[in-house]
Structure formats: C-alpha cells, structure tokens
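Have a look at the structure below before the remarks.
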Amino acid sequence: MTQHPNDGAAREAHPLEDLVRMDRIPHIWCPGCGIGSVFTACLTAIRQSGIPHEQFAMVSGIGCSGRGAGYINIDSFHTTHGRAIPFATGIKMANPGLNVIVFSGDGDLFAIGGNHFIHAARRNMDITVVCVNNLTYGMTGGQVAATTPHMARSSTTVVGNPETPFNLPLLAYAAGATYIARWTMLHARDLADAIEAAIRRRGFSFIEALSPCPVNYGRRNREKPLDTLKFYQEKAIIKNGAHPAELDMSDTRGPILGKFLDIDKPTHDEVYKKMYWPEEG
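According to the working numbering, numbering within the sequence shown proceeds without interruption in unit steps and concludes at 283.
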C-alpha cells in the first residue's frame, strides 16, 4: 500500500507507477477521453521493451495529448506548439543511443507541425511518433482540425466541415516512414504491442491512435463516448498490410486498423555517421 499524494489515503500501487510523476496526478484529461488509455499503452510498451528507463526520452507539443510528457517519469520535454518533432530530432542527433518517443495530438503534429513531420519521415529519423487522433483541437476550444471528418461540426465549422481530412497513414507513407500502424484506444493491447515494436526497430515509426473527445468533438456531433467505443468495437476492420491509400476515414465503414508497413532502410544518424565519421563505423 502507498499513500495518495493528494489526500493521504492508503491505496494499491499502480503497476506502472514508477513511470508516472505521481506528484502531477490527478491528470487533466476529461472523463470519457481516450488519451489516458493511449498514454497507458505507451507506458506499457516501454515496460514491455525491457529497455532501461534512462535510455528513453519523451517529447510532446501543445494540446491535450501534449501533457503526456509532463506526466511520464523519464527524461521528457513539453515543447512549443508544433515543434515536438524538431526537438526530438535534436535529441536523437545529439545522443543516437536514446529511444526517443514523440507523444502528441493530431493538431500539434499535422497542422502547425505538419512540415516537421514530413521531413522527419523523409530523413528516416530514428524516432517513434505516437499521434492521438481525436479529430479536433480538444484543448483550445474544439476548432476544426486537419483530421476533422467531412461535414463534422466544430466550433469553427458550426454547420459542418467542408474540407477533406488527412489520411494520416498515407501521409506518413508518402513522406517516407518505415513503420506505420493504426489502432484505437479500445484496442489497448494491440496498441501497446505496436508501440513496443516501433521502439525496438530502426527508423521513423508512426502509430496513429484513434480516441474520442467527448467534450469538444462528441458534444457538437451528438456522439457519446460509449457510442464511440461501441463503434470502434463493432465497426473497426483489422487488416494488417492494407495499403495506406485504403485507410481514409470513411463515412460508410469503420476505421481500418493494423500494421500497414514495416520496412528497413538506413536511418538519418546512420547515413550521417557513414558520411562524416566513417572511421567510427
């Protein structure tokens, strides 16, 4: 039994507690939000890998998911909006031995941070990017995002989004990522296994984690959290090896989940080392 940091009550220790900054608990995530489940899957992946915690670093940007870096009890960086990947790139280049994880949201990574994503993938930076995709800007008021479905309502598209959202796995594929997977927060074990696989391999790895936002997306679109989970459970299609071009978020079917790409090619730091410090190879 341990003592709760806020009320002094005795409680059972959580099995992942050594990976959490307990002085920051309780977290800010809303009831019904899936970010906590995705964060737990990420911590589980770190634990499953067996890699010492001091060999990890986590970087997050701004937004609800961006709070992850502040809760994990390893070296972590909560950076400026859209800049998680450049910070992660710098960390990896300075210390290639670190396992660098970017944990952030769809707005941070694919709107203001989209340019950084495509170039890190193009360079095959040896980092793992976990994107919690809740289809909206959850923290700043529920504005339309690059992933908001066509005709979905947001605070800035009150009669429906006229635009076509990104197909994130296809974008990662086109930019040069070498590992691509997508799961939902409901598929917690599959998600944790995918993140662990991404950590263990070389190259730019991208995992999309679909998650409900009950307050700023669900409320406007009359979608309750349990309805979203039921949709994930009943409609999701697991299709490992599916071509990323098939993975758009369709109005007529559930999301396609699975591991879509796992290839090997030289990483950014390997190419640099071979070119500039061949004697160390």
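Every residue gets a Cβ at the ideal spot worked out from N, C-alpha and C, and that includes glycine.
Fair warning: this is a prediction, and the values are worked out from it, not measured in the lab.
Exposed unless 16 or more other CB atoms sit within 10 angstroms - verdict on residue i
| i | result |
| --- | --- |
| His245 | exposed |
| Met60 | buried |
| Trp279 | exposed |
| Gly99 | exposed |
| Asp253 | exposed |
| His152 | exposed |
| Pro28 | exposed |
| Lys226 | exposed |
| Asn126 | buried |
| Thr150 | buried |
Backbone secondary structure at residue i - three-state DSSP
| i | result |
| --- | --- |
| Glu225 | coil |
| Ser39 | helix |
| His118 | helix |
| Val104 | strand |
| Gly260 | strand |
| Met60 | strand |
| Leu18 | coil |
| Ile129 | strand |
| Ser67 | helix |
| His80 | strand |
| Ala148 | coil |
| Ile53 | coil |
| Ala86 | helix |
| Ile265 | coil |
| Val134 | strand |
Separation of residue j from residue i, as counted between CA atoms
| i | j | result |
| --- | --- | --- |
| Asn169 | Ala247 | 8 Å |
| Phe1 | Glu14 | Outside the shown range of the chain, which is 3 to 283, sits residue 1, and nothing can be said about it. |
| Glu198 | Phe208 | 12 Å |
| Arg222 | Asp20 | 38 Å |
| Gly63 | Gly162 | 27 Å |
| Val217 | Gly140 | 8 Å |
| Ala71 | Asp25 | 14 Å |
| Val22 | Leu172 | 33 Å |
| Gly256 | Gly144 | 23 Å |
| Leu228 | Gly34 | 8 Å |
| His55 | Met95 | 19 Å |
| Ser78 | Gly260 | 28 Å |
| Gly65 | Cys215 | 12 Å |
| Thr159 | Gly116 | 21 Å |
| Met3 | Leu188 | At Met3 the pLDDT is 45, less than 50, meaning the model places this residue with poor confidence; the figure from the coordinates comes in the next sentence. Each residue's alpha carbon lies about 29 Å from the other. |
| Thr91 | Ile239 | 33 Å |
| Ile76 | Glu165 | 39 Å |
| Ile258 | Ala47 | 22 Å |
Of the residues the options, the one placed nearest residue i, counting alpha carbons only
| i | options | result |
| --- | --- | --- |
| Ser39 | Cys133, Ala200, Leu259 and Asp77 | Cys133 |
| Gln235 | Pro216, Arg222, Asn223 and Leu212 | Leu212 |
| Arg124 | Pro28, Met251 and Ala174 | Ala174 |
| Thr42 | Gly84, Asn136 and Pro17 | Pro17 |
| Gly109 | Ile240, Thr46, Leu228 and Val146 | Val146 |
| Ser67 | Asn75, Arg85 and Gly36 | Gly36 |
| Leu231 | Ala177, Ala154, Tyr274 and Trp185 | Trp185 |
| Leu137 | Asn75, Ile120, Glu210 and His189 | Glu210 |
| Ile2 | Gln57, Thr150 and Tyr274 | The requested residue 2 is not part of the displayed model; the chain covers only 3 to 283. |
| Ile182 | Ala154, Ala200 and Gly84 | Ala200 |
| Ser157 | Gly220, His118, Asn75 and Asn97 | Gly220 |
| Ile265 | Val273, Ser106 and Gly243 | Gly243 |
| Pro88 | Asn75, Gln50, Ile114 and His118 | His118 |
| Thr82 | Arg69, Ile74 and Ile76 | Arg69 |
| Asp128 | Arg49, Met251, Leu45 and Arg202 | Arg202 |
| Gly205 | Ala179, Asp195, Gln50 and Pro167 | Ala179 |
| Arg224 | Glu281, Ala196, Arg155 and Lys275 | Arg155 |
Complete beta strand (DSSP E) runs within the region 198-246 (minimum length 3 residues, chain order): Taking only runs of at least 3 residues, the beta strand (DSSP E) segments lying wholly in the region 198-246 are 207-212.
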